[in-house]
Structures are given as structure tokens and as C-alpha cells.
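Down below is the structure, laid out as C-alpha cells.
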Amino acid sequence: MPSLTPARGAAAALLTARVLYGAGLLTVPAKLAAGRWLGAGAREPAATVALRGFGARETLLHVGALAATVSGKPIRPWLAASIAGDLTDVAATAGARSDLPPGSAKATAVVAGGSALLSAIAAVLVDA
Numbered sequence: 142m143p144s145l146t147p148a149r150g151a152a153a154a155l156l157t158a159r160v161l162y163g164a165g166l167l168t169v170p171a172k173l174a175a176g177r178w179l180g181a182g183a184r185e186p187a188a189t190v191a192l193r194g195f196g197a198r199e200t201l202l203h204v205g206a207l208a209a210t211v212s213g214k215p216i217r218p219w220l221a222a223s224i225a226g227d228l229t230d231v232a233a234t235a236g237a238r239s240d241l242p243p244g245s246a247k248a249t250a251v252v253a254g255g256s257a258l259l260s261a262i263a264a265v266l267v268d269a
């Protein structure tokens, strides 16, 4: 396994956090989403199905990105996919903001938007 550059090490830390978040959504979706994001609706069976699907996307995408990172393969395409997912989450939450708890769209913009920003910074800093 090649040694990680500082930029790849930082990307690996970010991607590990995303894998853990995805795993959390797969295992305890309502616990992670019921607060400021989706409110009590996150406990509904239909919502937990969608949240688990979201968790699977997060987990699989970021496991792939992490594997590419530690093996020295290009990760910019993986980071671009992650950014696209984050920005889609922001847009979808903003579009439904009137049906969500107060502050949900703002909190999602901060969390998912911040994640997109960190991924963009990582994409600029990594070697490929």
C-alpha cells in the first residue's frame, strides 16, 4: 500500500466519517434524522426505508472513495460524486422546507453544504 500524502490522509479521514455516517443511517436511521433534519416523520416506516437507502449510498460511495484513496488511485471522480450527492440533499431539503421542522433546511445547508465544501477542497488538494 502506498504511503498517504497529507492531502490523501485528510481525504481518508473525511471519507471515513462519511462511511460511519452512512452506516449509522443504515442501522439507526430515525435516531440520526429525527432531530432538526426530518423531525418525527423520520420514525415513519416509509421514511426509514428511504433513510436506509440514503445510508447505503453514503456507505458504498465513500467505501469506494476510501479504497481508492488508500490504494493511490484517482479519487477526484469519487469526490465529485460525493459533492453531487451533498448538493442534491441540500436542494431536496430546501424544496421541502415548509413541511420540515423549523431550521431543517438551514441545518442541512450547513452540514451537507459543509461536507460538499470539504470534499471540494480535498479534490483540489489531492494529486489525482
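Using the working numbering, the first residue of the sequence shown is number 142, and each one after it goes up by one. Note that CB positions come from ideal geometry on N, CA and C, so glycine has one too. Note that the coordinates shown come from a computational prediction; the quantities given were computed from them, not determined experimentally.
{"Asked": "Would residue 170 pass as a contact of residue 192 if the rule is Cβ separation under 8 Å?", "Found": "yes"}
{"Asked": "Is it true that the region 237–244 meets the region 186–204, where meeting means three or more beta-carbon pairs spaced less than 8 Å apart?", "Found": "no"}
{"Asked": "On the premise that residue 216 lies in contact with residue 206, defined as a C-beta separation below 8 Å, what is that separation, rounded to the nearest angstrom?", "Found": "6 Å"}
{"Asked": "Identify, in the order they occur along the chain, each residue of the same chain with its Cβ nearer than 6 Å to the Cβ of residue 163, setting aside the five sequence neighbours on each side.", "Found": "196, 199 and 200"}
{"Asked": "Give the single residue among 263, 234, 212 and 185 whose Cα lies nearest to the Cα of residue 223.", "Found": "263"}
{"Asked": "Taking all protein chains shown into account, do 16 or more other C-beta atoms lie within 10 angstroms of the C-beta of residue 212, making it buried, or fewer, making it exposed?", "Found": "exposed"}
{"Asked": "Please return the same chain residues whose Cβ sits closer than 7 Å to the Cβ of residue 210, not counting the five positions on each side in sequence.", "Found": "149, 152, 153, 156 and 216"}
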